[in-house]
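Take a look at the structure set out below.
In this note's numbering, the protein residues as written are 93 to 338.
Encoded structure:
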């Protein structure tokens with residue numbers, strides 16, 4: 093299993109990278125977490141004829157803005173895009189004229205569906221609702237004897253710990269810099285992400301979704317990694333282009 097970080101920021105793209113998009117390449121399927129600005133890089137990594145399953149956490153623009161790049165892809169196996177309730181309406185509105193090419197005109201055949209834990213997929217994926225300003229799903233992927241938890245745009249909550257429990261890799265957001273808390277717009281800082289990994293007994297923590305308005309340079313991202321490592325040693329701050337193997 094390989095994990096490619098195509099975008100690692102939150103809110104908007106900067107010289108540090110694109111907004112959030114993570115590709116997990118498993119033996120049986122390509123799994124894409126969120127369609128931020130980094131989504132356009134997808135065709136650099138998809139080379140095999142395996143199912144492509146895209147999982148949207150929620151509908152804030154920094155997590156769906158990359159959908160505009162669907163018009164550049166020609167994946168013969170098609171693509172299944174899953175997410176919270178309302179996803180079909182979302183596509184009818186924004187993946188359509190006058191904003192972009194309509195879904196039924198795209199080179200790749202797209203199937204859009206609400207995510208359910210009962211769906212039959214090539215790999216095991218479950219979801220839970222996280223604590224955010226709008227409905228947001230976190231996901232837990234099990235494949236090849238490994239577990240990857242993807243939890244973005246959330247404050248601390250029980251479901252975050254459940255998704256992360258015993259995970260080989262926890263990809264957790266770190267929108268806020270070290271020590272900052274904002275209960276009016278729930279997000280994590282690096283210490284909260286590290287405490288979650290520690291409590292959940294995850295094996296490795298990757299920090300991502302750095303708020304572009306607060307993380308202005310590589311030093312800020314490095315400071316987040318340092319703060320998290322004081323609590324959970326096996327922590328790494330993601331940057332665009334990072335690839336991991338599990």
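C-beta atoms are modelled at their ideal positions from N, C-alpha and C, and glycine is treated no differently. No experiment lies behind these values; they were computed from the predicted model shown.
- [ ] Pull up the distance between the alpha-carbon of residue 111 and that of residue 190, whole angstroms please.
- [x] 23 Å
- [ ] Could you work out which residue in 161, 107, 129 and 97 is closest to residue 308 when comparing CA atoms only?
- [x] 107
TODO: Going by CA-CA distance only, name the one from 288, 336 and 164 that's closest to residue 200.
DONE: 164
Task: Best match in 338, 337 and 331 for proximity to residue 98 [C-alpha to C-alpha] - done: 331
TODO: Take residue 223 and list the residues in its own chain whose beta-carbon comes closer than 7 Å to its own, dropping the five residues that flank it on each side.
DONE: 246, 247, 249 and 278
TODO: Starting from residue 321, trace the alpha helix (DSSP H) both ways and give me its first and last residue.
DONE: 310-321
Task: Where residue 221 sits in the DSSP three-state scheme - done: strand
Open item on the list: Whether or not the stretch 136-150 and the stretch 209-224 are in contact is what I'm after, with contact meaning three or more pairs of Cβ atoms, one per stretch, closer than 8 Å; do they touch?
Closed with: yes
Task: residue 253 - containing alpha helix (DSSP H), residue span - done: 250-256
Task: Under 8 Å between C-beta atoms of residue 96 and residue 120 - done: no
Open item on the list: So within the stretch 97-140, which uninterrupted beta strand (DSSP E) runs reach at least 3 residues, ignoring any that extend past its ends?
Closed with: 113-117 and 122-125
- [ ] May I ask you to report which of helix, strand or coil DSSP gives residue 291?
- [x] helix
Task: Whole-Å CB distance - residue 131 paired with residue 158, under 8 Å assumed - done: 3 Å
Open item on the list: Mapping the DSSP letters down to three states, classify residue 174 as helix, strand or coil.
Closed with: strand
Task: For residue 102 and residue 303, believed in contact at Cβ under 8 Å, the rounded distance - done: 5 Å
Task: Own chain, CB closer than 7 Å to residue 128, minus 5 neighbours either side, in chain order - done: 99, 110, 111, 112, 113, 154, 155, 157 and 158
Open item on the list: In whole angstroms, give me the CA-to-CA distance for residue 273 and residue 301.
Closed with: 15 Å
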